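Residue numbering for the sequence shown follows my numbering, starting at 3 and increasing by one per position. No residue lacks a Cβ here, since even glycine has one placed at the ideal position from N, Cα and C. Note that the coordinates shown come from a computational prediction; the quantities given were computed from them, not determined experimentally. Contents: one structure, followed by commentary.
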Amino acid sequence: MLPILCTIFFLSGAAGLVFETLWFRQAGLAFGNSIWASSLVLASFMLGISLGNGIAARWGPRVRHPLLVYGGLELAIAVTGVLLVWVLPLLTPWIAPLLRPVLEQPWIVNPLRLAVAFLLLLIPSTAMGATLPLLVREIMRRDPNFGTALGRLYGWNTLGAVLGALVGEVALIAAFGVRGTAWCAAGMNVLAAAVAVTLSRSRAVRSLPPLPVVPPAAFDPSDRTRRTRILAAAAVSGCVLLALEVVWFRFLLLSFNTSSLTFSIMLATVLAGIALGGLIGSAWLRWRPTSFAHSANVALLAGVLLVAHYAGFRYAIAPYEGQLLHRAIDLAPLAVALMLPVALLSGLLFTFLGASLHEWVKPEIRAAGLVTLANTLGAAVGPLLAGFVLLPALGMERSLFALTLGYGIVAALVWRIGREPAPGWQPVAWALGGAYALTLLLFPFGLMKDHYFHTTLDRLSADTHSVVAVRETPSETILFLRSSFLGEPLYYRLATNGYSMSSTAVSARRYMKLYVYLPVALHPGLEKALLISYGVGSTAKALTDTKSLKSIDIVDISRDILEMSSMIYPDAEEHPLNDPRVHVHIEDGRYFLAATDERFDLITAEPPPPKAQGVVYLFTQEYFQLLRDRLNPGGFVTYWLPVHSMTANESKAVIRGFCQVFPDCTLWNGFALDWMLVGTNDARWRPTDAHFSAQWWDPDISPALKGLGFERPELMGALFLADPQMLHNLTRDTPPLVDNYPKRIDQGLIDTPRAYRKYAPLMLPRHTRERFSRWERTGSLWPSGMFQRSLPYFEVQRIINDISVGGYKQNRIWHNVSDLYAILAQSELEVIPLWMLLRVDHEAIYSDGRNAGSLPPEVEARIALARRDYKRAATLLRTAHPENPQDPGLLFARIFALCMDGRVEEAQRLLKNLPRHEREKNYPRYWKFMKETFGLVEPDAKTS
3 MLPILCTIFF LSGAAGLVFE TLWFRQAGLA FGNSIWASSL VLASFMLGIS LGNGIAARWG
63 PRVRHPLLVY GGLELAIAVT GVLLVWVLPL LTPWIAPLLR PVLEQPWIVN PLRLAVAFLL
123 LLIPSTAMGA TLPLLVREIM RRDPNFGTAL GRLYGWNTLG AVLGALVGEV ALIAAFGVRG
183 TAWCAAGMNV LAAAVAVTLS RSRAVRSLPP LPVVPPAAFD PSDRTRRTRI LAAAAVSGCV
243 LLALEVVWFR FLLLSFNTSS LTFSIMLATV LAGIALGGLI GSAWLRWRPT SFAHSANVAL
303 LAGVLLVAHY AGFRYAIAPY EGQLLHRAID LAPLAVALML PVALLSGLLF TFLGASLHEW
363 VKPEIRAAGL VTLANTLGAA VGPLLAGFVL LPALGMERSL FALTLGYGIV AALVWRIGRE
423 PAPGWQPVAW ALGGAYALTL LLFPFGLMKD HYFHTTLDRL SADTHSVVAV RETPSETILF
483 LRSSFLGEPL YYRLATNGYS MSSTAVSARR YMKLYVYLPV ALHPGLEKAL LISYGVGSTA
543 KALTDTKSLK SIDIVDISRD ILEMSSMIYP DAEEHPLNDP RVHVHIEDGR YFLAATDERF
603 DLITAEPPPP KAQGVVYLFT QEYFQLLRDR LNPGGFVTYW LPVHSMTANE SKAVIRGFCQ
663 VFPDCTLWNG FALDWMLVGT NDARWRPTDA HFSAQWWDPD ISPALKGLGF ERPELMGALF
723 LADPQMLHNL TRDTPPLVDN YPKRIDQGLI DTPRAYRKYA PLMLPRHTRE RFSRWERTGS
783 LWPSGMFQRS LPYFEVQRII NDISVGGYKQ NRIWHNVSDL YAILAQSELE VIPLWMLLRV
843 DHEAIYSDGR NAGSLPPEVE ARIALARRDY KRAATLLRTA HPENPQDPGL LFARIFALCM
903 DGRVEEAQRL LKNLPRHERE KNYPRYWKFM KETFGLVEPD AKTS
């Protein structure tokens with residue numbers, strides 16, 4: 003009988019965790035995924051469980067057939083659980099308009115969210131909360147040891163939750179979708195209910211003496227202080243563990259990839275520790291029923307191990323330094339090393355506290371209900387305390403110190419309550435007390451800054467980066483980095499939770515600003531624009547530079563990122579958020595779209611990567627439909643497609659969903675593998691050449707366009723990758739990414755060079771030129787006069803593609819000298835050759851001329867080459883080469899500059915200084931080109 007009850011409670015735990023995961027996914031669609039929305043949904047769920055605990059404590063003693071009632075509760079969870087999964091997304095059109103009038107007033111909208119979420123989750127969460135006390139009542143008909151029964155059930159139920167956390171996330175959602183997974187969870191609940199009801203009618207149960215009905219008032223007033231202290235300890239321990247979970251997760255995300263798989267592994271680790279603690283407590287109490295007298299010792303040991311494992315984690319993470327971890331085989335051992343011991347002690351502590359309370363509270367169901375009520379209420383407060391108080395005010399490290407103090411509070415609350423430990427344990431208790439005091443005294447303050455942050459920065463950036471600002475917020479740890487070269491600041495990088503999110507480097511600004519420049523060129527007159535996700539403000543700046551816009555709405559989930567962006571725009575007049583046309587909304591972008599009734603001429607977005615936790619719902623077909631629904635007739639959507647972080651099938655799933663909503667969808671190249679999807683709300687207008695080119699004549703926009711490599715309007719056409727027909731053929735065998743199947747984007751990271759090789763055929767100029775021509779013939783929006791003039795620039799785009807993947811780094815340019823010659827001799831382009839000869843992101847050192855004369859001669863020479871001042875380049879290289887004789891690239895550059903300046907004979911003389919094997923073996927394409935183009939003759943030089 004007991005193994006069967008533990009098994010059905012195991013199934014119940016698995017189903018409960020699966021349902022919890024699904025409800026939070028669907029609630030994110032109904033209420034938004036902002037930190038406030040998600041925290042309040044979690045709080046409402048915990049309050050519902052607390053209500054179930056309280057009901058069980060109050061009226062549970064009257065239940066004479068706990069298995070029958072338990073079976074009914076499991077059925078209620080199954081029915082309402084599935085109903086919630088199906089209904090929650092459908093409620094968005096009702097809930098969002100309800101909250102629309104107060105969306106900008108958080109102190110009104112958030113209580114409303116809490117109330118609505120609590121009501122929706124009320125039945126299943128309350129039912130979940132009542133199940134443990136009921137089964138404790140049933141088990142104690144056979145086993146009179148309360149602590150053993152509580153720990154056993156608590157442990158097996160939590161072990162089931164471990165299974166639910168892993169199997170639901172890793173297998174079920176991918177195989178059956180969100181709704182199908184709900185039916186799987188409901189099946190486990192129904193099975194548990196069926197077994198419970200069958201057992202209740204079995205001869206073994208009917209032969210047991212009937213359970214007595216205990217009146218509600220059974221407390222002894224003289225024991226009130228003891229009861230209060232035990233319940234307070236249960237509440238504090240629940241609060242501390244759930245707060246620790248938030249801090250631990252934030253800490254691990256400095257090294258772990260932010261994905262749902264990562265969160266599942268971290269959650270499963272904590273749950274496994276709690277389960278093992280409960281089972282160990284059960285066994286210990288069976289061996290020695292008064293072992294709960296060690297509750298204070300367990301709390302002190304938890305505090306000691308919390309600090310010890312934080313300090314020692316540097317040794318566990320050392321073999322992985324410099325890596326962003328994403329494989330389960332790497333994540334799990336590190337999560338165990340940091341969290342499992344303290345989680346185990348927390349599970350043991352809960353069991354001991356329950357056994358201790360039962361000394362003063364009878365019957366067993368009331369004691370079980372009260373201890374779980376206190377613990378769950380504390381757990382409801384814990385995440386709010388960590389997210390909104392501890393982390394913003396103290397940061398991760400000092401939050402860990404504060405939570406270590408929390409375990410000291412638990413120990414103080416239960417110190418010398420009731421039974422004393424055996425005399426032989428007194429030295430152990432004093433030793434633990436001393437160790438705890440020493441731990442607080444020697445807490446490793448500074449380890450976060452000096453070691454953990456440092457290793458994260460090493461992974462995020464090269465030695466040229468420095469930390470400008472760090473801020474720990476309710477939702478993320480924000481890092482702003484600055485890259486410099488030769489002492490000059492080049493660009494800023496934004497990282498959240500150890501993951502690089504955005505940058506002001508040219509390579510990033512090019513594709514981010516393209517989201518605005520292209521629709522401005524094609525639309526007859528943009529007046530209202532919406533930007534979802536601010537990042538570092540590049541797209542926002544392009545919007546505020548557009549004079550035709552009368553209203554610009556910017557939606558971002560993080561107020562702190564917006565506030566910290568002032569360091570990127572020290573000039574207040576240049577800061578896009580200070581533009582009077584800008585209206586800022588701190589909200590989840592998808593929820594804002596659902597709530598607003600505004601319509602826009604342009605909606606653009608550059609959200610976090612799609613594999614980050616919860617972000618997949620900003621790439622689904624349903625989300626794209628929301629975008630289209632908020633467009634004015636003829637309006638444009640431009641959307642980031644980061645194919646460098648997705649497999650081919652994942653990219654095709656996103657494209658398929660987008661093209662299902664926008665039949666005229668097209669695909670464009672931003673930079674490297676940061677691509678752009680474009681769709682319209684039935685745009686039909688074809689601009690004139692003059693309208694399309696107007697931005698290049700705007701004195702405020704033209705310098706930015708040219709600095710990003712868009713030196714001529716025709717270069718925009720060469721960004722074209724695929725027309726609607728091509729995208730349809732490409733994705734016809736791939737199902738679209740939809741809300742119900744979010745796992746069509748999995749959690750693995752992609753190797754960028756390998757991804758480039760996979761996507762390179764799609765970028766070949768002969769194919770993209772052909773698709774551009776077909777698009778022109780089938781009703782494109784491209785100016786007819788601009789079309790023919792754009793075709794030659796597809797070859798320039800090939801060179802830009804090579805630049806974007808490092809094809810011209812250092813001396814590799816001389817392997818492709820024919821490309822450099824073609825650009826210099828056959829065009830007036832200046833920025834592209836600068837990118838070829840220098841690094842793209844070094845634009846700041848040469849863009850405004852302020853560093854002229856102060857740069858190293860070889861850098862000045864490369865700038866002179868790009869600007870076609872070949873005489874000056876040759877002169878500078880004559881100085882630079884003797885100073886760096888081991889760098890053959892300087893000699894190659896000098897020979898090339900002399901030939902471009904018409905001084906072929908002087909270049910011929912220089913050849914005598916280069917051994918033949920260097921000419922023939924290392925750079926054969928260079929020498930072949932120089933012979934064929936300039937007639938250089940190889941002298942008979944001795945090899946060395």
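inquiry  = With a threshold of 8 angstroms on Cβ separation, who are the neighbours of PRO835 within its own chain once the five nearest residues in sequence on each side are excluded?
reply    = Numbered from its first residue, the sequence shown carries residue 835 at position 833. Same-chain partners within the cutoff: LEU822, ILE825, LEU826, LEU867 and ALA868.
Notebook entry, point to check: Just how far apart, CA to CA, sit ASP603 and ALA274?
Noted result: Here residue 603 is taken as the residue at index 601 of the sequence shown, counted from 1. Here residue 274 is taken as the residue at index 272 of the sequence shown, counted from 1. So the two alpha carbons sit approximately 51 angstroms from each other.
| said: Measuring straight from C-alpha to C-alpha, what distance separates VAL363 and PRO343? | reply: To locate residue 363, count along the sequence shown from 1; it is residue 361. To locate residue 343, count along the sequence shown from 1; it is residue 341. Using only the alpha carbons, I get a separation of about 30 angstroms.
* Please determine if the region 68 to 83 and the region 129 to 136 are in contact, where contact requires at least 3 C-beta pairs separated by less than 8 angstroms. => These segments touch.
SER14 versus SER36: straight-line alpha-carbon distance, rounded | One-based indexing of the sequence shown puts residue 14 at position 12. One-based indexing of the sequence shown puts residue 36 at position 34. Whole-angstrom Cα-Cα distance: 30 angstroms.
ask   = Alpha carbon to alpha carbon, what distance is there between LEU24 and VAL89?
value = Translated into positions along the sequence shown, residue 89 becomes position 87. Translated into positions along the sequence shown, residue 24 becomes position 22. Their Cα atoms are separated by approximately 12 angstroms.
* To which residues of the same chain is VAL238 closer than 8 angstroms at the C-beta, ignoring the five residues directly before and after it? -> Looking up residue 238 in the sequence shown gives position 236. Within its own chain, the residues whose Cβ lies closer than 8 angstroms to the Cβ of VAL238, once the five positions on either side in sequence are excluded, are GLY380, GLY408, ILE411, VAL412 and LEU415, listed in chain order.
Check: Can GLY637 and ARG512 be called in contact, C-beta distance under 8 angstroms?
Finding: Here the question's residue 637 lines up with position 635 in the sequence shown. Here the question's residue 512 lines up with position 510 in the sequence shown. Going by C-beta atoms, GLY637 is not nearer than 8 angstroms to ARG512.
Proximal residues to ASP741 (C-beta, below 6 angstroms), its chain only, five neighbours per side dropped = As a position in the sequence shown, residue 741 is number 739, starting the count at 1. Cβ within range, chain order: THR622 and GLU624.
(request) Using only alpha-carbon positions, find the residue among ALA650, ALA188, LEU121 and ALA195 that is nearest to VAL71. (result) The sequence position of residue 71 within the sequence shown is 69, counting from 1. For VAL71, the nearest C-alpha among the options comes from ALA195.
| field | Minimum C-alpha distance to PRO737 - residue among GLU652, VAL680 and LEU766 | value | In the sequence shown, the residue the question calls residue 737 occupies position 735. The shortest C-alpha separation from PRO737 is found at GLU652.
- [ ] Could you spell out the range, first to last residue, of the beta strand (DSSP E) harbouring PHE673?
- [x] Taking the first residue of the sequence shown as 1, we reach residue 673 at position 671. Note, PHE673: beta strand (DSSP E), 668 to 673.
Exercise. Taking DSSP as the reference, what is the three-state secondary structure of LYS451?
Worked result: The residue labelled residue 451 in the question sits at position 449 within the sequence shown. Three-state result, LYS451: helix.
Is the region 786 to 794 close to the region 756 to 764, with three or more CB pairs under 8 angstroms? These segments do not touch.
With 16 other CB atoms within 10 Å as the buried threshold, where does PRO715 fall?
-> Looking up residue 715 in the sequence shown gives position 713. For PRO715, the number of other beta carbons within 10 angstroms of its own is at least 16, and it is reported as buried.
Where VAL740 falls: helix, strand or coil (DSSP) | Translated into the one-based positions of the sequence shown, residue 740 becomes position 738. Reduced to three states, the DSSP call for VAL740 is coil.
What does DSSP give as the partner residues of MET678 in its beta bridges?
As a working note, residue 678 is residue 676 in the sequence shown. BP columns for MET678 point to TRP642 and TRP670.
Open item on the list: If I follow the unbroken alpha helix (DSSP H) through SER14, where does it start and stop?
Closed with: Mapped onto the sequence shown, residue 14 falls at position 12. Per DSSP, SER14 belongs to the alpha helix (DSSP H) from 4 to 33.
So VAL663 and GLN627 are in contact, right, with Cβ under 8 angstroms, and what is the actual spacing, rounded?
On the sequence shown, residue 663 is found 661 positions in, with the first residue counted as 1. On the sequence shown, residue 627 is found 625 positions in, with the first residue counted as 1. 5 angstroms between Cβ atoms; contact.
Check: Does the pairing of the region 690 to 699 with the region 773 to 788 give three or more beta-carbon distances under 8 angstroms?
Finding: yes
**Prompt:** Would you call the CB atoms of GLY537 and SER504 closer than 8 angstroms?
**Reply:** The count along the sequence shown starts at 1 and reaches residue 537 at position 535. The count along the sequence shown starts at 1 and reaches residue 504 at position 502. Yes; because the gap between Cβ atoms is below 8 angstroms, this pair is in contact.
For my contact list, ALA245 and PRO385 are in at a C-beta cut-off of 8 angstroms; report their separation, rounded to the angstrom. Along the sequence shown, one-based indexing puts residue 245 at 243. Along the sequence shown, one-based indexing puts residue 385 at 383. Confirmed, Cβ separation roughly 7 angstroms.
Fill in: Separation of LEU336 from GLY285, as counted between CA atoms
For the purposes of this step, residue 285 is identified with residue 283 of the sequence shown, where counting begins at 1. For the purposes of this step, residue 336 is identified with residue 334 of the sequence shown, where counting begins at 1. For clarity, residue 285 is Ala in the given sequence; the question names Gly instead. Spanning the two alpha carbons is a distance of roughly 28 angstroms.
ask   = Whole alpha helix (DSSP H) runs in the region 327 to 353 with 4 or more residues, listed along the chain?
value = None, since the region 327 to 353 contains no complete alpha helix (DSSP H) of that length.
Should GLN799 go down as buried or exposed, given a rule of 16 or more other Cβ atoms within 10 Å for buried?
Counted from its first residue, the sequence shown places residue 799 at position 797. It is buried - the Cβ of GLN799 has at least 16 other Cβ atoms within 10 Å.
How long is the line joining the alpha carbons of LYS552 and LYS530, rounded to whole angstroms? By 1-based counting over the sequence shown, the position of residue 552 is 550. By 1-based counting over the sequence shown, the position of residue 530 is 528. Those two C-alpha atoms are separated by around 6 angstroms.
Notebook entry, point to check: Do you know whose CA, among LEU85, LEU442 and LEU857, lies nearest GLU490's CA?
Noted result: The residue labelled residue 490 in the question sits at position 488 within the sequence shown. Out of LEU85, LEU442 and LEU857, LEU857 has the C-alpha closest to the C-alpha of GLU490.
Close beta carbons around HIS360, own chain, < 6 angstroms, minus the five adjacent residues each side:
The residue you call residue 360 lines up with position 358 of the sequence shown. Answer for HIS360: PHE148 and ALA369, listed in chain order.
message: At the level of alpha carbons, what is the spacing between SER1 and TRP698?
response: Residue numbering for the chain in the displayed model covers 3 to 946; residue 1 lies beyond these limits and cannot be assessed.
| request: In the DSSP assignment, find the beta strand (DSSP E) that holds LYS1024 and state where it starts and stops. | output: Missing from the structure shown is residue 1024; the chain here goes from 3 to 946 and no further.
Segment limits, alpha helix (DSSP H) that includes ARG791 | Your numbering for residue 791 matches position 789 in the sequence shown. According to the DSSP assignment, ARG791 belongs to the alpha helix (DSSP H) that extends over 786 to 792.
Could you pull out every residue in the same chain whose Cβ sits closer than 7 angstroms to the Cβ of TYR438, ignoring the five residues on either side in sequence?
-> In the sequence shown, residue 438 corresponds to position 436, counting from 1. Result list for TYR438: LEU302, GLY305, VAL306 and GLY410, in chain order.
- Pick helix, strand or coil for ASN651, following the three-state DSSP scheme. As a position in the sequence shown, residue 651 is number 649, starting the count at 1. If DSSP states are grouped into helix, strand and coil, ASN651 belongs with the helices.
Check: Using 8 angstroms as the threshold, is the region 590 to 600 in touch with the region 87 to 103, meaning 3 or more CB pairs across them?
Finding: yes
### Message
Quick check on the DSSP output: the beta strand (DSSP E) that includes ALA497 runs from which residue to which?
### Response
Position 495 of the sequence shown holds residue 497. That run of the beta strand (DSSP E) goes 490 to 498.
**Prompt:** Opposite ILE367 in the DSSP bridges: which residues?
**Reply:** Along the sequence shown, read from residue 1 onward, the residue named residue 367 stands at position 365. BP columns for ILE367 are empty, so no partner.
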